[in-house]
Amino acid sequence: MKLLVCENIEEFSTVAANLIYNSIHHSKASVCLPTGSTPIPVYEKLVSMMQDDKAFAEVKFFNLDEYAGLEPTHHQSYAYFLNQHLYSHIPIRNEQLLLINGANDPQDECKRYDTLIDEISRFDVVVDGIGTNGHIAFNEPADHFIPRTHISEISATTLQANRRFFKENEIMPLQAITLGFEDIMKAKKVILLATGPSKKEVIRRFLSEKKITTQFPISLLNMHPDLTLIVDSEAYSESI
Numbered sequence: 000m001k002l003l004v005c006e007n008i009e010e011f012s013t014v015a016a017n018l019i020y021n022s023i024h025h026s027k028a029s030v031c032l033p034t035g036s037t038p039i040p041v042y043e044k045l046v047s048m049m050q051d052d053k054a055f056a057e058v059k060f061f062n063l064d065e066y067a068g069l070e071p072t073h074h075q076s077y078a079y080f081l082n083q084h085l086y087s088h089i090p091i092r093n094e095q096l097l098l099i100n101g102a103n104d105p106q107d108e109c110k111r112y113d114t115l116i117d118e119i120s121r122f123d124v125v126v127d128g129i130g131t132n133g134h135i136a137f138n139e140p141a142d143h144f145i146p147r148t149h150i151s152e153i154s155a156t157t158l159q160a161n162r163r164f165f166k167e168n169e170i171m172p173l174q175a176i177t178l179g180f181e182d183i184m185k186a187k188k189v190i191l192l193a194t195g196p197s198k199k200e201v202i203r204r205f206l207s208e209k210k211i212t213t214q215f216p217i218s219l220l221n222m223h224p225d226l227t228l229i230v231d232s233e234a235y236s237e238s239i
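Start counting the sequence shown at 0; every next residue gets the next number (numbering that gives the first Met the number 0).
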């Protein structure tokens, strides 16, 4: 694993954007991207870097996960988020967007998404944030994992963390459709992003504990051959 500790958000977003950019800056690349507050400044950098760059004309863009039951146009769907912060601002075609549709039948959508992934064989790069409980995508702490795209029960910890994004009287989905660890681990490169003091404990645990367990999903990524963890100074504990 490669660890990159950045002094501030500006450095963090520049370093992360450059690494993502260079990982997909070739013909027929594929990338799987996350949502959440952490990658927003990274996407702002990517927007400026990818303007008028024809090298991305064949890149395929996937998303890590999606709330079950939400239309892609719903203001809290992850498809909407990625379009708002990245896709609508860069010169790509709709055919390049291979996203999970939360409004479809969940079981059918899992099969459809696995088929799309099989067509590219494996991702060039998977980018992900880190939940405070160590979840990756919506692979929550559990006794076991489902290897490929599947329906996940969102944990109470994650529901509480994400509740702030929904309006006060708005119903928040309790399930999500998520990429499984098989396709995350098959990716050529995995980039993990973490910022802010709320992530300090999970980063400390990830870097200090050697045990690999499904109860701490991020621990499985210690087995990935090309993993880069990018954090800002607030998420990194020097006492590790």
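Cβ atoms here follow ideal geometry from the backbone N, Cα and C, with glycine treated the same way.
Closest by CA to Glu233, which one among Gly35, Ser197, Arg111 and Leu192? As a first step, residue 233 must be located in the sequence shown, where it is residue number 234. Looking at the Cα atoms, Ser197 is the closest of the given residues.
I'd like the list of long-range same chain contacts for His143, defined as Cβ closer than 7 Å, with 5 residues on each side in sequence excluded. Along the sequence shown, one-based indexing puts residue 143 at 144. Hits under 7 Å: Thr213.
Can you list, in chain order, the residues of its chain whose CB lies under 8 Å from that of Lys1, leaving out five sequence neighbours each side? Working through the sequence shown from its first residue, we reach residue 1 at position 2. Here the set comprises Leu226, Thr227 and Leu228.
Are at least three pairs of beta-carbons, each pair with one atom in the stretch 167-184 and one in the stretch 197-210, less than 8 Å apart? no
Relative to the C-alpha of Asp46, which candidate in Glu65, Ser12 and Leu115 has its C-alpha closest? As a position in the sequence shown, residue 46 is number 47, starting the count at 1. Here residue 46 is Val; the residue named in the question, Asp, does not match the sequence. Comparing Cα-Cα distances from Val46 to each of Glu65, Ser12 and Leu115, the minimum goes to Ser12.
When DSSP builds the beta bridges, which residues end up paired with Asn251? There is no way to answer for residue 251, as the model of the chain reaches only from 0 to 239.
With distances taken between CB atoms, is the gap from Asn138 to Pro216 smaller than 8 Å? In the sequence shown, residue 138 corresponds to position 139, counting from 1. In the sequence shown, residue 216 corresponds to position 217, counting from 1. In this structure, Pro216 lies closer than 8 Å to Asn138 by Cβ.
Once the 5 residues before and after Ile8 are set aside, which same chain residues still bring their CB inside 7 Å of it? Within the sequence shown, residue 8 is the residue found at index 9, counting from 1. These residues qualify, in order along the chain: Pro40, Thr194 and Asp231.
Going straight from the alpha carbon of Ala141 to that of Met171, what length do you get? Walking along the sequence shown from the start, residue 141 turns up at place 142. Walking along the sequence shown from the start, residue 171 turns up at place 172. Cα to Cα, Ala141 sits roughly 21 Å from Met171.
What is the rounded straight-line gap between the Cα of Ser238 and the Cα of Arg203? Taking the sequence shown and counting its residues from 1, one reaches residue 238 at position 239. Taking the sequence shown and counting its residues from 1, one reaches residue 203 at position 204. Low per-residue confidence applies at Ser238: pLDDT is 48, beneath 50, and the placement is therefore not dependable, though the value from the model is reported in the following sentence. Roughly 8 Å between the two C-alpha positions.
Quick check: the Cα distance between Ser154 and Met184, rounded to an integer number of angstroms? Indexing the sequence shown from 1 puts residue 154 at position 155. Indexing the sequence shown from 1 puts residue 184 at position 185. If you take the alpha carbons of Ser154 and Met184, they lie about 22 Å apart.
Can you give me the start and stop residues for the alpha helix (DSSP H) that Val125 sits inside? Mapped onto the sequence shown, residue 125 falls at position 126. Element bounds for Val125: not the alpha helix (DSSP H) but the beta strand (DSSP E), Val124 to Gly128.
Determine contact between the stretch 70-81 and the stretch 117-124, defined as no fewer than three beta-carbon pairs at a distance below 8 Å. no
Residues that DSSP places opposite His149 in a beta bridge: By 1-based counting over the sequence shown, the position of residue 149 is 150. Paired residues: Thr177.
Between Phe164 and Pro38, what straight-line distance do the alpha-carbon atoms span, to the nearest angstrom? In the sequence shown, counting from the first residue as 1, residue 164 sits at position 165. In the sequence shown, counting from the first residue as 1, residue 38 sits at position 39. One C-alpha to the other measures close to 15 Å.
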